[in-house]
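> Just passing along the structure, written as structure tokens.
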Amino acid sequence: MAELALDSTAGQDDLLRELAAVVRAALAGEVGKDWRRYGELGWLSLLVPEHRGGAGADERAAAVVARGMGRACRHDPYVATVMAARCLAELPASPGVDARLRPLVDGSLRAVLAWQSESGDGHEPPSPAPVRLTGGAEPRLSGTAWWVPAEDADTYLVFADRDGVPALVVVEPAAAGVRVVPSGAADGSAWARLELRDAAATDVLASGDEVARALCTAVHTGALLCAAELLGLVDRMLELTTEYLSNRRQFGRPIGSFQVLRHRAVDMWLQQRLTDAALDSALRRFGAPNADPTARALAVSSAKARASATALRVAGEAVQLHGAIGFTEEYELGRYVNRALVLAAWLGNARAHTRRYDRLAAS
Amino acid sequence: MSVRYGVEPERDWNALDDDEFRALVRAEFEQHYPPALRYPSRRLLWHEQSGWYLRMAAKGWIAPNWPVEYGGLGLSSAKLLIFFEEQERHGIARFQDHGIRMIGPVLLRFGTEEQRRRLLPPILRCEHRYCQGYSEPEAGSDLASLRTTAVLDGQSWLVNGTKIWTTMAYDATQMFLLARTGDEGPPQARISFFLLDLTTPGVTIRPIRDIAGEDELCEVFLDDVRIPAENLVGEVNRGWTVAKSVLGFERIHVGSPQLPLSGLTLLERLAAARGLTDDPAYRDQVAQLRLDVAHLGDAHEQFARQLSRGEALGPDVSLLKIWATETFQRIADLVIEIAGPAGGSAGEVPVGTDQIRVLSAYYRARPSTIYGGSSEVQRDIIAKQVLKLPSA
């Protein structure tokens, strides 16, 4: 935690700026080879309250880290891990919960949530949960959780349903009846499909409405942070594009001197700034002490809808303004485009969130 | 010195917290603004709204942006934004208030003490109502190439030229204008800033009918018009600086969500009248537009926070103007689309059980991307000053 001890006399905006600089420097340097380093830096525990062993920071701080991840095009499951930590921290403390939360935030346990159905849009927990929980003393799980954001996690936290009551269940990948089926993602990482056939559950951490509420908060948080990570991708794609427009010469002049291309670059910038404003506003509204669930969902959908749309639009424009080089695997831009495709679709794409925003705003 | 500008201030407005201030302003508007004048569908003439603004003048509220010692409310940037937001929220019509918004601040910064004493009080009393004389037939986006000339002749400047796109010049009493006074250096360094009394001999005003059928825009011909030497503001050949200096706050104002919000209101009303409210294709379109407007509001708030921290706005504020006006146009286009056969109707027409002026948003949206610096000029500014892209 020592490395997060920023000057507390500064205003919050200054603190966040300082954190952004720290994140940027760390990601440009040694961090990333070893997942545990993220834990040591305190980045994984930002949303865990202090009395549960976390940093007790807010979503704005976590968004700064996520944006930095995007800017550096890291494929680490940062957002997925913070989601899992958030979900556990939202549950009442218990030996089972705490035994997972502690190693999760210090980086020694890699755990992600497994909660999505095949057909859902992924912007909110499905009802009922995609996996069925049965048995008393020896609980068993059957069903398939889709779009699990890591195929190599140590532990999966499965959203399950027992006779209409939601539960959060720990499953080890090596247990009998568990199959982790990887499915390739555009950025070279992999989703997992968690197929459970009468699989042995290691631990039922909690059950009842508190699980549904905790998961919902975790999914909302994840979508906000995913928007921040998308914005980080956009930051870099725009930077690459303006550099390219300034340096690339054709017809005897820098191509960035042609008005058509200048205006298209401005439109990319405009979307970046709108996304920044939308995310900033959403983070403030989401974290407001008096925010009700509808206001929170509206804030999340507002930000993720814009971020997903902007990332894909900026990715497409960036490739076009680069010309053929932008379509090559060798050039840096391609990794950002592929990462944007993955994150734009994850936790609800622009269409899903735009529709939810409209539904909630009308009600 | 003891000139009394305006009326005694009622209290220290900036000492109030924002919510308290907003409530006071709102209450004043709700209690006293004539309901019949709320949200007018065209610009009102002075005599139609003079009652309200003379009341504001008598109350000392006519110049919220001026310092207290010159008869204003002396509001901070943040309070000022609240004042204007409440004005818009209540649908209060604006008058020819360039004198308040621009000329007051210009005189305070560039004017002489004599000019302030002579020219500020009539603005506060609404006796001097200014219109703008920037554009010319041959100088639109390329304003620096303007051709109107002013030549010093004894104690006055002899001015010749043509100004165009002046809004309601026939309802104003004065004009602030740019004219060429030199012939050396870059075009921007040959321009001076003048204040003209429109009753001066040689001034001819010709309204221009627009495609909406309105006569708000005007052409103003200046033939051997004499402007007294004391009405030149700032230094000779430094008018470009004067003209540019007052645009900062105006730019955040023009990019407020007010225009597109008014478009959304019309859109939803028309959709209800046409029974389209729950049509899925329509819902997808309106949902996108709602987000576009919401995010304009978010961006607007970011700039407002910047102002309230006391920071100056940079060229990136052009973002607001582009997005506000282009979003407004997309909304206006959808209005026409869902109007079906009524999409080409002039004036107010029956739609379902409602009476709707279908094209009102369209006709307000089209010029919004042209006036105050076209969208293309705004993009040029951002490309150069924000993205720092190379010129040829």
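Residue numbers (this note's numbering), protein chains in the order written: chain A, 1 to 363; chain B, 1 to 392. Ideal Cβ placement from N, Cα and C applies to all residues, glycine included.
Would you say residue 263 (chain A) lies against chain B (beta-carbon separation less than 8 Å)?
Chain B contact via Cβ: present.
> Just mark residue 1 (chain B) as buried or exposed, buried being the case when its beta carbon has 16 or more other beta carbons within 10 Å.
Bear in mind that a pLDDT of 45 at residue 1 (chain B), under 50, signals an unreliable position, so the number given afterwards is only what the model happens to contain. Looking at its Cβ environment, which holds fewer than 16 other Cβ atoms inside 10 Å, residue 1 (chain B) is exposed.
> Would you mind stating whether residue 24 (chain A) and residue 68 (chain A) have Cβ atoms separated by less than 8 Å?
Yes. Within cutoff.
> Going along chain A in order, which residues have a C-beta closer than 9 Å to the C-beta of residue 301 (chain B)?
Under the 9 Å cutoff, chain A gives 277, 280, 281.
> For my contact list, residue 134 (chain A) and residue 162 (chain A) are in at a C-beta cut-off of 8 Å; report their separation, rounded to the angstrom.
That pair is a contact at about 7 Å.
> Do the segment 257–269 of chain B and the segment 186–199 of chain B make contact, defined as three or more Cβ pairs closer than 8 Å?
Touching, no, given that fewer than three Cβ pairs across the two stretches are closer than 8 Å.
> Find the residues of chain A that neighbour residue 288 (chain B), judging by a C-beta separation of less than 7 Å, and give them in chain order.
Correct list: 354.
> Near residue 244 (chain A), which residues of its chain fall below 6 Å by C-beta distance, leaving aside the five closest residues on each side in sequence?
Answer for residue 244 (chain A): 322, listed in chain order.
> For residue 295 (chain A), which residues from the same chain have a beta carbon less than 7 Å from its beta carbon, with the 5 sequence-adjacent residues on both sides left out?
The answer, listed in chain order, is 285.
> Hey, does residue 92 (chain B) have any beta-carbon neighbour from chain A nearer than 8 Å?
No, residue 92 (chain B) lies away from the interface with chain A (no Cβ there is under 8 Å from its Cβ).
> Of all Cβ atoms in chain B, is any one closer than 8 Å to the Cβ of residue 38 (chain A)?
Cβ-Cβ to chain B under 8 Å: no for residue 38 (chain A).
> Which residues of the segment 189–205 of chain A have a Cβ closer than 8 Å to any Cβ of chain B? Give them in chain order.
Correct list: empty, as no residue qualifies.
> Report the rounded CA-to-CA distance for residue 155 (chain B) versus residue 200 (chain B), giving the unit in angstroms.
Cα to Cα, residue 155 (chain B) sits roughly 15 Å from residue 200 (chain B).
> By the 10 Å Cβ neighbour count, where 16 or more other Cβ atoms means buried, how is residue 357 (chain A) classified, buried or exposed?
So residue 357 (chain A) counts as buried.
> How would you call residue 391 (chain B), buried or exposed, if buried means at least 16 neighbouring beta carbons within 10 angstroms?
Result: exposed.
> How would you list, in chain order, the residues of chain A whose beta-carbon sits under 7 Å from the beta-carbon of residue 283 (chain B)?
The answer, in chain order, is 358.
> Name, please, each residue of chain A whose Cβ falls closer than 7 Å to the Cβ of residue 295 (chain B).
Result: 274, 277, 278, 306.
> Using a cut-off of 9 Å between C-beta atoms, extract the partners of residue 251 (chain B) located in chain A.
Here the premise fails: no neighbours, minimum Cβ distance about 15 Å.
> What distance in whole Å lies between the Cβ atoms of residue 59 (chain A) and residue 224 (chain A), which are believed to be in contact at a cut-off of 8 Å?
6 Å between Cβ atoms; contact.
> Contact criterion: CB-CB distance below 8 Å. Does residue 142 (chain B) meet it with respect to chain A?
So, not an interface residue.
> What first and last residue would you give for the beta strand (DSSP E) that runs through residue 130 (chain B)?
Residue 130 (chain B) -> beta strand (DSSP E) spans 130–133.
> In the segment 5–29 of chain B, which residues sit with their C-beta less than 9 Å from some C-beta in chain A, listed in chain order?
The segment 5–29 of chain B vs chain A, Cβ under 9 Å: nothing.
> When you compare the segment 198–216 of chain B with the segment 80–91 of chain B, are there three or more beta-carbon pairs, one atom per stretch, that lie closer than 8 Å?
They do not touch, by the three-pair rule.
> How is residue 261 (chain A) classed by DSSP in three states: helix, strand or coil?
Residue state, collapsed to three classes: helix.
> Can you tell which of B:205, B:223, B:224 has its C-alpha closest to the C-alpha of residue 215 (chain B)?
It is B:205.
> If I measure Cβ to Cβ from residue 112 (chain B) and keep anything under 7 Å in the same chain, skipping five residues before and after, which residues do I get?
Taken in chain order, the list of residues that qualify is empty.
> Return the CA-CA distance between residue 186 (chain B) and residue 53 (chain B), expressed in angstroms with no decimal places.
Those two C-alpha atoms are separated by around 42 Å.
> I'd like the list of long-range same chain contacts for residue 229 (chain A), defined as Cβ closer than 8 Å, with 5 residues on each side in sequence excluded.
Closer than 8 Å at the Cβ level, and outside the excluded window around residue 229 (chain A), lie 66, 67, 69, 70, 78, 79, 343.
> When you compare the CB of residue 382 (chain B) with every CB in chain A, is at least one pair closer than 8 Å?
Yes - at least one Cβ of chain A is within 8 Å of the one on residue 382 (chain B).
> Check this for me: beta carbons of residue 258 (chain B) and residue 168 (chain B), under 8 Å apart or not?
No, Cβ-Cβ distance for residue 258 (chain B) and residue 168 (chain B) is not below 8 Å.
> Looking at residue 130 (chain B): is its Cβ nearer than 8 Å to the Cβ of residue 143 (chain B)?
No.
> For the segment 369–380 of chain B, list every residue whose C-beta sits within 8 Å of some C-beta in chain E, in sequence order.
The structure shown contains no chain E; its protein chains are A and B.
> Can you give the beta carbon distance from residue 53 (chain A) to residue 47 (chain A), rounded, assuming they're within the 8 Å contact cut?
At roughly 12 Å, the Cβ-Cβ gap does not stay under 8 Å, so residue 53 (chain A) and residue 47 (chain A) are not in contact.
> Mind listing the chain B neighbours of residue 254 (chain A)? Cutoff is C-beta to C-beta under 7 Å, in chain order.
Neighbours of residue 254 (chain A) on chain B, chain order: 390.
> Is it buried or exposed, residue 363 (chain A), if we count other Cβ atoms within 10 angstroms and call 16 or more buried?
Counting Cβ neighbours within 10 Å, residue 363 (chain A) comes out exposed, since fewer than 16 surround it.
> Given a cut-off of 8 Å, decide if residue 159 (chain A) and residue 192 (chain A) are closer than it, judged by their beta-carbon atoms.
No, Cβ-Cβ distance for residue 192 (chain A) and residue 159 (chain A) is not below 8 Å.
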